[in-house]
Each structure stands twice: as C-alpha cells, then as structure tokens.
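Read the structure below first, then the notes.
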Amino acid sequence: MTHIMENLLTDHRNMSVLLDVLDQEIRVYSAGNRPDFETLTCILEYCVDYPEHYHHPNEEAVANRLILQGPSHAATLASLSNEHAEIATMTKQFSDLISVAIAEPDSVNQAVVEYGRKFTAFYRAHMGNEESTLFAPATETLTDNDWKIIEAACALHPDPLFDEHIQDAYRALHQRIVQRAEKSRAASPLPMSAPKYQSRAC
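Quick note on the working numbering: the sequence shown kicks off at 21 and runs consecutively.
Take a look at the structure:
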C-alpha cells in the first residue's frame, strides 16, 4: 500500500474515534446532563484544521488521478467532492449550534442533539463511501507513476491531534482519547495488539 493511502486510511480510523467521542457526548446531553462542550468544540475545530484543509484535498488529488483512468468514476467522485463541501457546511452549523447551547446552561438544546446525530451519521457514511468508491479502485488501478504524481500534489501536513507532536490546543482532547482507548482495552476480554487510534506515518 502506498504512503498516501496509508495516511488516508489512518486518518479515517482516527476520525472514527472522534465520532465515537462525539456520539458519547451527545448521549450525555440527550439524557439531560451537561456534556463536555470544550471537547465538542475542540473536535469541530480539528475537523476544520486538519480534515478540511489537508485530508479532503489529498483525497481529491487521488480522485482527480483516478478519473483519468476512465469516465466511469467521474460521477461517483464528483459526489464525494460535494460531500466534502457538505461536511464543511455541517461543521460550521454544528459549531454555531453548540455556541448557542453553551449560553443556555439550564436546558437541553434539542437541536444540538439532533444535529450531532446527523453529523456523525453523515460523516461515517461518507468515509465508508470513500473507502469503497475511491480508495479501493485507486489501490487496484493506479500505477506507481500515478502515485508519485499524487504524492507530489498532496500536502503531507502533520496531524495536530494524532501525530507524535501534538499541538497545545489539542492536548486535552488527545489525553481523553488515550484514556478512552485504555478503558476499552481494559474492558475487552481479548488481548488487543493496537490502540483504538493510530498515529500517522509522516
């Protein structure tokens, strides 16, 4: 597997962990308890800082190369690009709703609960679509020369949350993810050889 594809798949696994954390906080809120709004806000800021600015453009670099292999891929890949734009819009709208909820500490903002569920479901479906309609055919079809061209076009930017050098703004969120992974391993009846999140290859 190529370096760029390894990074993209690792990004998806890491994003799945963040979506699990989002779901957990939404469940807390829907039960009438106050969620960790700082964690929610931090996750959405990360969605802009890394996936929107680096991960999604790199996927589109793969898509643009795959389209050259034949027109059959064009419609599906255009749909995935539209989903990237939709995720950017949803991230902003979700962040705005959370800002309103923070100012209303004595009540549950049902719009946050409903939008949070919509956001995580859409994001998971999007990643699944990419893995089946972009990653799989790209891995099967593209040549070594294609991947060299793609990697030259990609911005291999450090992940501010999951790479070795964590940005200060994400340290608290990273620690929560580590603790969550440790609890998951402790509760599992089977030995686990890898953590629930993965650092990216740089």
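Note that the Cβ used here is the ideal one computed from N, Cα and C, for glycine as well.
Of the other Cβ atoms in all chains shown, fewer than 16 fall within 10 Å of the Cβ of A192; this residue is therefore exposed.
Per the C-alpha coordinates, the member of M21, V68, H76 positioned closest to H146 is H76.
Taking a contact to require three or more Cβ pairs closer than 8 Å, the region 172-183 and the region 120-135 do not qualify as touching. A distance below 6 Å between beta-carbons, with the five flanking residues on each side excluded, links W167 to the following residues of its chain, in chain order: T22. In the assembly as shown, N165 is an exposed residue. Its beta-carbon has fewer than 16 other beta-carbons within 10 Å.
Nearest C-alpha to K138 among I46, E26, T30: I46.
P91 sits exposed, since fewer than 16 C-beta atoms from the chains shown fall within 10 Å of its C-beta. Straight-line spacing of the CA atoms in H93 and V41 works out to 34 Å. DSSP places G90 in the coil class of the three-state scheme, outside both helix and strand. Counting along the chain, no alpha helix (DSSP H) covers Q187, and no H or E run does either. Secondary structure of V48 (DSSP, three-state): helix. Here N102 is exposed. Its C-beta has fewer than 16 other C-beta atoms within 10 Å.
By the neighbour-count definition (other C-beta atoms within 10 Å, threshold 16), L162 is a buried residue. Counting of Cβ neighbours within 10 angstroms places D126 among the exposed residues, the total staying below 16.
Look at H75 here: in three-state DSSP terms it is helix.
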